[in-house]
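Numbering (mature numbering (1 follows the signal peptide of the UniProt record, and there is no 0)), first residue to last: -21 to -1, 1 to 303. By construction, the Cβ of each residue, glycine as well, lies at the ideal position given by its N, Cα and C atoms. All values derive from a computational prediction rather than experimental measurement.
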Amino acid sequence: MKKIALALAAVAGIAATGAWAQGYPTRPITMIVPFAAGGPTDVVARIVTDHMSRTLGQQIVIENVAGAGGTTGITRAAQSEPDGYTIMMGHMGTHGAAPALYPNLKYDPTKDFAPIGMAAGTPIVIVAKKDFPANDLKGFLEYLKANGEKVNMAHAGVGSVSHSTGIFFNSVVKAKPTMVTYRGTGPALNDLMANTVDFMTDQIVNVAPQIQGGNIKAFAIATPERSPVLPNVPTTKEAGLDGYEVSAWNAVFAPKGTPPEVVKKLSDALSKSLDDENTKKRLLELGGVIPSASERTPEALQKLVESEVARWTPVLKAAGATAQ
Ligand code: MLT
């Protein structure tokens, strides 16, 4: 008798979840952005959630939870109720580089999430303050090698995109600048524009407007082709630097255990957002790369996370990078 009761309870439980998830969402959704407002992850989040909110019929409220290279916010999001009302914008740092740098990371990017989908590809640009005493990549590298730790490199915390791509850059060019930590590359960019920090490797969606405005210098973009929004910025290869090609990405995740019906609603809303002309225009004009339909699926994102963790772990360990 007890077995039948248990089976009925289980079926009722599933049915209840199903019924509940069918009605999702019935109240505003929180999206945790694990860096300071105004930086690339925040900008991508606000652009894609604008149209997602309309599709879902509920406001997606951005909550910036910065710290520890983004792992503070992602940890909080990973431990939240898997009910679809707390989601997050992660990226190549929080869900690719972090495991190599945080031995006691409180989440496993490959296991502790329900991937929703890729939001934008974000090529990496090597940028410097306007007053930097070099006008091309060759001169920059010569100065960097001659002045070592007297040069300050900005980043958004150990494991962030700017930190991991910066460590990779330093290992390729054999430089040892002094690292300066920020709560995001939004604040770091402010100091670059104030000429109080020297350079960083950052995502194009953050730095493109300031490069176009002549407020900071761009020495090269680390992609095989130039960006259409920065036609005068050479690729690293064109500028004579081999072995430094790297692109980041930002993607939406929910906590593990989020019901499949909820994951599907969020993934469909994200995909619709990326098909919306205005959303695409806002991402493209910042140099963002729009994921193709096949790149947007939860399955594609799960595979990407697994490959990025596998890719970045040896690169960062070889560079001797560890969480400070
Ligand atoms: C940000 O939004 O500040 C960046 O994504 C931080 C980083 O990962 O460099």
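- Take residue 180, set aside five residues on each side of it, and the residues of its chain with a beta-carbon closer than 7 angstroms to its own are 103, 105, 141, 144, 145, 148, in chain order.
- Counting of Cβ neighbours within 10 angstroms places residue 40 among the exposed residues, the total staying below 16.
- Non-local beta-carbon contacts of residue 78 in its own chain, meaning distances under 6 angstroms to residues more than five positions away in sequence, involve 84, 288 in chain order.
- Between residue 272 and residue 285, the alpha-carbon positions lie close to 20 angstroms from each other.
- As DSSP reads the structure, residue 281 sits in no beta bridge.
- Linking residue 58 to residue 265 through their CA atoms gives a straight-line distance of about 32 angstroms.
- About 17 angstroms separates the CB atoms of residue 131 and residue 186; that is not less than 8 angstroms, and the two are not in contact.
- The Cβ atoms of residue 67 and residue 76 lie no closer than 8 angstroms to each other.
- Pairing residue 199 with residue 116 gives a Cβ-Cβ distance under 8 angstroms.
- Nearest C-alpha to residue 107 among 86, 53, 173: 173.
- Boundaries for residue 211: no alpha helix (DSSP H) harbours it, and the DSSP string shows neither H nor E there.
- Of all alpha-carbon atoms in 70, 100, 169, the one lying nearest the alpha-carbon of residue 259 is that of 100.
- Assignment of residue 182 by DSSP, reduced to helix, strand and coil, places it in the strand class.
- Residue 171 sits away from residue 27, with the two beta carbons spaced by 8 angstroms or more.
- Cβ atoms of residue 120 and residue 152 come within 8 angstroms of each other, at about 5 angstroms.
- Under the DSSP assignment, residue 12 falls in the beta strand (DSSP E) whose first and last residues are 8 to 12.
- In this structure, residue 233 and residue 98 do not form a Cβ contact; the two beta carbons are roughly 13 angstroms apart against a cut-off of 8 angstroms.
- A straight-line Cα-Cα distance of about 34 angstroms links residue 165 and residue 238.
- Not one heavy atom of the ligand MLT falls within 7 angstroms of the beta-carbon of residue 125.
- Listed by position in the chain, the residues whose beta carbon lies within less than 5 angstroms of some heavy atom of the ligand MLT are 14, 18, 19, 20, 72, 135, 139, 140, 141, 163, 164.
- Assigned with DSSP and collapsed to three states, residue 198 falls in strand.
- By the criterion of a C-beta distance shorter than 6 angstroms, residue 22 is surrounded in its chain by 184, once the five residues flanking it on both sides are discounted.
- Going by DSSP, residue 269 is part of no beta strand (DSSP E) at all; its letter is neither H nor E.
- For a cut-off of 8 angstroms, the C-beta gap from residue 44 to residue 13 is around 6 angstroms, short enough to register as a contact.
- By the CB criterion at 8 angstroms, residue 81 and residue 8 fall outside the cutoff.
- In the DSSP assignment, the residues bridged to residue 134 are 160.
- Going by C-alpha positions, residue 292 is about 13 angstroms away from residue 139.
- CA-to-CA, the gap between residue -1 and residue 241 works out to about 6 angstroms.
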